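What follows is a short report on a single structure.
Chains as they are written, first to last, in our numbering: chain B, 1 to 115; chain L, 116 to 231.
Here's what the structure looks like:
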């Protein structure tokens, strides 16, 4: 079944703290795992992505940790800032046949970083 | 243009009306996707185009939904006889690569459709 489960639904973190968002998947055919950031009234924007042959990827304050055997991956935001307040979506990509591919999104985590 | 452009930004339709939502992808982008995002939810796949070919329409919720991309650039999502459950933000995304490519998806800001 095409499904990506994301938690928590909402998260409040103090400025300077670490924000952690978790996702789990079932379909082992997924081969690419991006995270998107969405501000109100805007479309999702790619934040960082990882392939399943890598266990960790870091870009600035953002890190993805990937556990292939557990079929789980997570986003860590270090030194969280009020400007990071947004909704974050994990996603997973797979080939769906006939030259097509799909991104399946989690339900999102609303992050609020308080001063 | 610099990004994916969608119009209109907001659309209010009375139940039963037909609507057409437009997407201008980034120039030269081969792949184009339509997603539906209900309030407080993640985007859900509707359909995928590779140039002008609609390769996957498995996510379209009913035969009232129709999408086209006749010249491989601009795309239109049409919803006939709109229902209240069609109320959502409709997102368009484009990507430089096709098929297995890992090029990122660039999303537009969406069209918010409200059916009254």
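Backbone N, C-alpha and C fix where the C-beta goes; we use that ideal spot for every residue, glycine too.
Here the structure is a predicted model, which means the values were calculated and not measured.
Under the three-state DSSP convention, the category residue 230 of chain L falls into: Numbered from its first residue, the second chain carries residue 230 of chain L at position 115. Strand, per DSSP.
List, in chain order, every chain B residue whose beta-carbon is nearer than 9 Å to that of residue 224 of chain L. Counting from one through the second chain, the residue named residue 224 of chain L turns up at place 109. The answer, in chain order, is 41, 42, 43.
Between residue 86 of chain B and residue 33 of chain B, is the Cβ-Cβ spacing less than 9 Å? For the purposes of this step, residue 86 of chain B is taken as residue 86 along the first chain, with counting starting at 1. For the purposes of this step, residue 33 of chain B is taken as residue 33 along the first chain, with counting starting at 1. Taking 9 Å as the Cβ cut-off, residue 86 of chain B and residue 33 of chain B do not qualify as a contacting pair.
Can you tell me where the beta strand (DSSP E) holding residue 18 of chain B begins and where it ends? Start at 1 with the first residue of the first chain, and residue 18 of chain B comes out as number 18. Run containing residue 18 of chain B: none; DSSP gives neither H nor E here.
Proximal residues to residue 15 of chain B (C-beta, below 8 Å), its chain only, five neighbours per side dropped: For this step, residue 15 of chain B is matched to residue 15 along the first chain. Its chain contains 80, 81, 82, 113, 114, 115 as the residues whose beta carbon lies nearer than 8 Å to that of residue 15 of chain B, once the 5 sequence neighbours on both sides are disregarded; these appear in chain order.
Pairwise C-alpha distance: residue 219 of chain L and residue 145 of chain L: For the purposes of this step, residue 145 of chain L is taken as residue 30 along the second chain, with counting starting at 1. For the purposes of this step, residue 219 of chain L is taken as residue 104 along the second chain, with counting starting at 1. Answer to the nearest angstrom: the Cα atoms are 12 Å apart.
Alpha-carbon to alpha-carbon, residue 150 of chain L and residue 134 of chain L: For the purposes of this step, residue 134 of chain L is taken as residue 19 along the second chain, with counting starting at 1. For the purposes of this step, residue 150 of chain L is taken as residue 35 along the second chain, with counting starting at 1. Cα to Cα, residue 134 of chain L sits roughly 16 Å from residue 150 of chain L.
Partner residues on chain L for residue 103 of chain B, Cβ-Cβ distance less than 9 Å: Residue numbering aside, residue 103 of chain B sits at position 103 when the first chain is read from its first letter. Correct list: 148, 150, 158, 160, 208, 220.
Contact belief for residue 206 of chain L with residue 152 of chain L at Cβ below 8 Å, rounded distance in angstroms: Residue mapping note: residue 206 of chain L aligns to position 91 of the second chain, counting from 1. Residue mapping note: residue 152 of chain L aligns to position 37 of the second chain, counting from 1. Sure, about 6 Å apart at Cβ, within 8 Å.
When we look at the beta-carbon of residue 67 of chain B and count the other beta-carbons within 10 Å, is it buried (16 or more) or exposed? Locating residue 67 of chain B in the first chain gives position 67, where the first residue counts as 1. Residue 67 of chain B is exposed by the Cβ-count criterion.
According to DSSP, is residue 211 of chain L helix, strand or coil? Numbered from its first residue, the second chain carries residue 211 of chain L at position 96. In this structure, residue 211 of chain L counts as coil in the three-state DSSP scheme.
Keeping to the same chain, check which residues put their C-beta closer than 8 Å to that of residue 215 of chain L; ignore five residues upstream and five downstream. One-based indexing of the second chain puts residue 215 of chain L at position 100. At residue 215 of chain L the pLDDT is 48, less than 50, meaning the model places this residue with poor confidence; the figure from the coordinates comes in the next sentence. Here the set comprises nothing.
Could you give the distance in angstroms between the alpha-carbon of residue 62 of chain B and the alpha-carbon of residue 111 of chain B? Along the first chain, read from residue 1 onward, the residue named residue 62 of chain B stands at position 62. Along the first chain, read from residue 1 onward, the residue named residue 111 of chain B stands at position 111. Rounded to whole angstroms, residue 62 of chain B to residue 111 of chain B spans 14 Å at the Cα level.
Give the residues of chain L in contact with residue 100 of chain B, contact being defined as C-beta atoms less than 7 Å apart. Position 100 of the first chain, counted from the first residue, corresponds to residue 100 of chain B. 163, 170, 171, listed in chain order.
From which residue to which residue does the beta strand (DSSP E) around residue 59 of chain B run? The residue labelled residue 59 of chain B in the question sits at position 59 within the first chain. Residues 56–59.
Beta-bridge pairing of residue 145 of chain L - partner residues as DSSP gives them: By one-based count along the second chain, residue 145 of chain L stands at place 30. Its beta-bridge partners do not exist; DSSP assigns none.
Based on the DSSP secondary-structure assignment, which residues constitute the bridge partners of residue 137 of chain L? Walking along the second chain from the start, residue 137 of chain L turns up at place 22. Residue 137 of chain L pairs with L/122, L/191.
Rounded to a whole number of angstroms, what is the C-alpha to C-alpha distance between residue 58 of chain B and residue 93 of chain B? Here residue 58 of chain B refers to the residue found at position 58 of the first chain. Here residue 93 of chain B refers to the residue found at position 93 of the first chain. C-alpha separation (whole angstroms): 20 Å.
Step through the CB atoms of chain L and report whether any lies within less than 9 Å of the CB of residue 25 of chain B. In the first chain, counting from the first residue as 1, residue 25 of chain B sits at position 25. Output row for residue 25 of chain B: interface = no.
Using a Cβ cut-off of 9 Å, pull out every chain L residue sitting near residue 106 of chain B, in sequence order please. Here residue 106 of chain B refers to the residue found at position 106 of the first chain. Within 9 Å Cβ-Cβ: 157.
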